[in-house]
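Student: For the sequence shown, our numbering begins at 101 and goes up steadily by one. Got a structure for you, written out below as structure tokens; questions coming shortly.
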Amino acid sequence: MRSAACVDLDAIRDNVAVLTERAGRAQVMAVVKADGYGHGLLPSARAAVRGGATWLGVAFLEEALAVRAAGLDTPVLAWLFTPSEDLAPAVAAGVDLGVYDLAELGRAQAAAEQTGRVARLHLKADTGLSRGGAPRDLWPELCQAAAKAEAEGSVRVTGLWSHFAFADGGPDHPVNNRQTAVFAEALDVATAQGLQPEVRHLANSAATLTAPATHYDLVRPGLAVYGLSPVPQLGSPRDFGLRPAMTLRSRVALTKRVPEGSGVSYLHRYVTSCETTLALIPMGYGDGIPRAATNAAEVLLAGRRRRIAGTVSMDQFVVDVGDDEVFADDEVVLFGSGDAGEPTAEDWARAVGTIDYEIVTRVGGRVPREYVGGDA
Ligand SMILES: *Cc1c(COP(=O)(O)O)cnc(C)c1O
């Protein structure tokens, strides 16, 4: 194979087992949105369930329906949709829905009536992220209306939840502390309205690993499921007992000797400083390799880390290997666990000015996924 994102399903399973341990009495919802952060929705979901996840989390309805269509009956929460999307198939499939306002509540009730199924809802409080969720002044009326709908039998409020703004802020970030306090108030308001959810949940990966006081009944780790550290300044994956699940590799398509002063790739943003060997790697931004990796990110090739030479183009980039013996078809590792000396997704993130979430998630649909471990 030319290029592949190799995903170790046993790593995902083991990472979830570590998170389950960390969560103590709380359950674990493995977040598998965005094609399992690029690792593959269904294989990741199955591996996470094997590791002890009792819930799955996704952003969109079709992601939840794909989980159900594959025969997975684990509770799954979908939290982002627009008014034109039909909630009935999700309600019929027993998908839990994140609800932010009265309009969504009404549409969930209608879907329940249409399908003859009780709609399972998680009311979301906006505790300070100002993204989804009901703001503080509208939270009481949302709880009241949901309690009324529950009494009428069309819905069941299975969850109350919120989401942190500073994922990498560490356990003592003042905004996270403020949000935790606002969430506690929101729970009190909901309780006063008679709501008795199965699960109250707030913690992302970082809070799961570093802030036990925020675990409540359920934690929602995403990044850590895939073995990456959400708080690199506080610890590496290994420090948290996690193992990166994805290795992105390719093969050298061509090598050639070029003279000193050769401009390399578009705009000649790299110029050889002496006669040297160039190796051509058949991956580019069409595969999710950031163009910002130009002259910045490193790869492991022929036993050494080497920086990308010149502009990353749509399908290819070049590496200057000097006088080393490098041949067409040699393997190149862009990133992986780091155990064999290759860069990590975190290294790539630092090199291109983003976060490792984006590095793994953007690995494109053109790159085949190869699975090892589990029932691969
Ligand atoms: C993506 C997401 C998560 C997971 O966040 P991580 O930082 O990857 O652990 C949890 N909850 C919500 C609402 C999300 O959108």
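All C-beta atoms, glycine included, are put in the ideal place defined by N, C-alpha and C. Quick caveat: nothing in here was measured; it's all calculated off a predicted structure.
Going by alpha carbons, who is nearest to V191 out of A178, G384, S329?
Tutor: The candidate whose alpha carbon is nearest that of V191 is A178.
Student: Since L238 contacts D201 with CB under 8 Å, what's their CB separation in whole angstroms?
Tutor: 7 Å
Student: Let me make sure I understand the geometry here. Which of E241, T227, P235, A193 has the alpha-carbon closest to that of V218?
Tutor: A193
Student: Among the candidates N115, V107, G233, L109, whose CA atom is the shortest distance from the CA of D339?
Tutor: N115
Student: So Q244 is in the alpha helix (DSSP H); what residue range does that whole segment cover?
Tutor: 239-252
Student: Confirm the yes/no value for this check: CB of P468, any heavy atom of ligand 1, distance under 7 Å.
Tutor: no
Student: Given N276, which residues of its chain have a CB within under 6 Å of its CB, disregarding the five upstream and five downstream residues?
Tutor: F264, F266, G269
Student: Could you tell me if the beta carbon of P330 falls within a distance shorter than 7 Å of some heavy atom in ligand 1?
Tutor: yes
Student: Could you pull the start and end residues of the beta strand (DSSP E) that F417 belongs to?
Tutor: 417-422
Student: Can you tell which of A246, E213, G322 has its C-alpha closest to the C-alpha of L309?
Tutor: G322
Student: For R391, does the three-state DSSP call read helix, strand or coil?
Tutor: helix
Student: What is the DSSP secondary structure of F435, reduced to helix, strand or coil?
Tutor: strand
Student: Quick one, which of A449, G341, V472, I112 has its alpha-carbon nearest G388's?
Tutor: Closest option to G388, Cα to Cα, is A449.
Student: Return yes when at least one heavy atom of ligand 1 lies under 7 Å from the C-beta of V463, else no.
Tutor: no
Student: DSSP three-state label for V149, please.
Tutor: helix
Student: According to DSSP, is G138 part of a helix, a strand, or is it coil?
Tutor: coil
Student: For M414, count the other beta carbons within 10 Å of its own beta carbon; 16 or more makes it buried, fewer makes it exposed. Which is it?
Tutor: exposed
Student: Between the beta-carbon of G157 and the beta-carbon of T120, is there less than 8 Å?
Tutor: no
Student: Please confirm whether L367 and T314 have their CB atoms less than 8 Å apart.
Tutor: No, these two residues do not count as a Cβ contact at 8 Å.
Student: To which residues of the same chain is G327 closer than 7 Å at the C-beta, ignoring the five residues directly before and after it?
Tutor: A111, N115, P337, L342, R343, P344, A345
Student: Sorry if obvious, but does the Cβ on G384 come closer than 7 Å to a heavy atom of ligand 3?
Tutor: Looking at this structure, you won't find ligand 3 anywhere; what it does contain is ligand 1.
Student: Along the alpha helix (DSSP H) that carries D196, what are the first and last residues, could you check?
Tutor: Secondary structure note for D196: it is in no alpha helix (DSSP H), and the uninterrupted beta strand (DSSP E) holding it is 196-199.
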